[in-house]
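Okay, so here's the structure we're looking at.
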Amino acid sequence: MERECMEFDVVIVGAGPAGLSCACKLAQLTQGNISICVVDKAAEVGGHILSGAVFETHALEELFPDWRSLGAPVSTPVSSDSFVYLTTENNHVSVPHFLTPKLMTNTSDNHVISLANLCRWLGQQAEQLGVEVFPGFPAADFNLNQEGAVTGINTGDMGLDKKGNQKQNYESGIELRGKYTVFAEGARGHLGKALIKQFDLDANCAPQHYALGIKEIWQLDTESALHQAGQVIHTTGWPLSETSTTGGGFLYYMEDNQIAVGLITDLNYSNAHLSPFDEFQRFKHHPAIATHLSTAQRIAYGARAIAKGGLPSLPKQQFLGGLLIGCDAGTLNVAKIKGSHTAMKSGILAAEAIAEELNAGNAYTEPNYAGHFESSWLFEELNESRNFGPYIHQFGSVLGGALNVVDQNVWQPIFSRPFPLSASDTKSDHQCLNSISESKPISYPKPDGKLSFDKPSSVYLSGTQHEENQPCHLVLADHLIPVNQQLARFDEPSQRYCPAGVYEIVGTEGQKALQINAANCVHCKTCDIKDPSQNITWRPPEGGGGPNYQNM
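So the mapping is simple: this note's numbering equals the position in the sequence shown, first residue as 1, plus 174.
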């Protein structure tokens, strides 16, 4: 197809912390002498960004040493930090710091932030440095030259109806051509997934592992005595422990009398009855959590997959013509439950590697990202926590947590290297689901409308909107698999693992079908990850569609 073409020195896909940090650093290194563009599928920068988030400022200091005077929205230092084990639905114990893995503790050097707002600020800094930022333009696919190098991307076509026919407002996507292309789409990026396959980037690593993070923001009254800005609480145990599922909860006191509360459910869970959304609703009823929310009002909701395999699952990040960075590759430090500072550092390292190639007059070569990465604090940090996830997956939260305490609090301070008992998890998340007959039934209580809620009202609070008359962006390889294979074996699990009510079985006996309510999709990517037949492929919808996160 003939497309309008725009040429740049560097094209960056994704206006998250990794992509924007890469853009800013490139502009700084080259002093504005190269052309850089950033595209993002959200209608505005930050609109699809969701994270806890307790933030380390290490990478931000490197990128903008004067970030405070520049007005970065990082102003709520951690004031208190606690780790709580929820033993049952009514009881809990506070875990002392010496029994908490060192990397999970937070100090006043860390801050409770809105990552969406930080990305908006980074976008402004990038534009002031001469970077062109184009929100509302999803990258649909990448292009290769005859030598097999990536030469850029095509943005998605606009104005197609449900059958793929052109409507009156049809506009063809644009080819964005770059000497180097950086992919920073976040966890389970659809182009990152294709690039890993194209270049066999995961040939020498363990499968990537994921979790689903579901988050809400609650507003306290301005006169509330409860509010303590910077208070941080992490939990493990109930309710996930009832099904031997790993993961944990969080509750952070933000600025402006707001509370962020959420539950992270590891997607290697085995019980086919499990619903991460409903586990989160139960979690909020635990007295250790409910007491913080009892006088507050829920004002926002969202969900996003997290790449948590760590260093053992990190693919090769460089290839001819480009790089795969941040959570698109999987740089999150699962031991810290933090990925923003590591994503930013990944972007900085990518900028350094590409600047070297451009300064040498090269194009479409393979940047030496690995050299920069392996000599950086990012590699050191991920190596320090390389066993955290595998220990938890292999031995469970209690024993795995104990091994991590020994590793981080005893062994590494003495020997300056990770504990020699290495663990591995070579089974992909989608392979872990047991059949419905092998799974213990779970009875989820109805939402009370005060602490717990249903999916429709939650999706409403995410601000999700899609053009209804467009091709479905959730593509089934085989439309018969959900009913003919997965219904009997798993009771079609997409009905439960999706946190937005996108999938439902409709019809009567003998005439059943999987209905896809694509307009509800919050772009969490869980279906692309957890579907046991790997039958669902997530692709970006028409530009600007999806959630509209304001403070997530």
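Beta carbons are placed, not taken as given, at the ideal position from N, Cα and C, and that holds for glycine. All values reported here derive from a predicted model rather than from experimental measurement.
Runs of the alpha helix (DSSP H) lying entirely within the segment 270-313 and spanning at least 4 residues, in chain order: 289-302. If the five residues before and after Y538 are omitted, its C-beta is found closer than 8 angstroms to the C-beta atoms of N319, E321, A323, V324, T325, K353, Y354, L494 and G495, all from its own chain and listed in chain order. Q660 is positioned such that its CB atom lies closer than 8 angstroms to that of P706. In the DSSP secondary-structure assignment, P191 is not bridged to any residue.
When secondary structure is reduced to three states using DSSP, Y543 falls in the helix class.
Collapsing the DSSP output to three states places F627 in coil. The residue among P714, M726, N542 and L277 with its C-alpha nearest the C-alpha of R362 is P714.
Going by DSSP, C698 is part of no beta strand (DSSP E) at all; its letter is neither H nor E. The segment 586-600 makes no contact with the segment 424-432; the number of CB pairs closer than 8 angstroms stays below 3.
Residue pairing of P251 in beta bridges, as defined by DSSP: H285.
DSSP places A474 within a strand segment (E or B) once states are collapsed to three.
By the neighbour-count criterion, in which a residue is buried when 16 or more other Cβ atoms sit within 10 angstroms of its Cβ, P594 is exposed. Of C698, Q582 and H604, the smallest CA-CA separation from Y565 is found for Q582. In this structure, I522 places its C-beta atom within 8 angstroms of the C-beta atom of S195.
Its chain contains G483, P486, S487, S598, D599 and T600 as the residues whose beta carbon lies nearer than 7 angstroms to that of A380, once the 5 sequence neighbours on both sides are disregarded; these appear in chain order. With a 10 Å radius around the Cβ and a threshold of 16 neighbouring Cβ atoms, K371 comes out exposed.
Close CB contacts of S288 within its chain, under the 6 angstroms cut and outside five residues either way in sequence, are with N725 (chain order). Listed in chain order, the alpha helix (DSSP H) elements of length 4 or more contained wholly in the segment 414-480 are 450-457 and 461-467. Ranking D502, T505, A509 and T409 by CA distance to the CA of P461 puts T409 first. Residue pairing of W712 in beta bridges, as defined by DSSP: L648. Rounded to whole angstroms, the separation of the alpha carbons of D452 and L437 is 10 angstroms. Here C179 carries a strand assignment [DSSP, helix/strand/coil]. Per DSSP, the beta-bridge partners of I391 are A434 and A474. Around the C-beta of E612, fewer than 16 other C-beta atoms lie within 10 Å, and the residue is accordingly described as exposed. Per the Cβ contact rule, the segment 270-286 is not in contact with the segment 309-319 (fewer than 3 Cβ pairs under 8 angstroms).
For S415, same chain residues with a beta-carbon under 6 angstroms away, outside a window of 5 residues either side, do not exist. Proximity to H604 across A474, I391, K699 and D335 peaks at K699, based on C-alpha coordinates.
Nearest to C198 by alpha-carbon distance, out of F238, V435, N445 and A403, is F238. Here DSSP, grouped into helix, strand and coil, assigns H401 to coil. Unbroken beta strand (DSSP E) stretches of 3 residues or longer found wholly inside the segment 198-266: 210-214 and 254-260, given in chain order.
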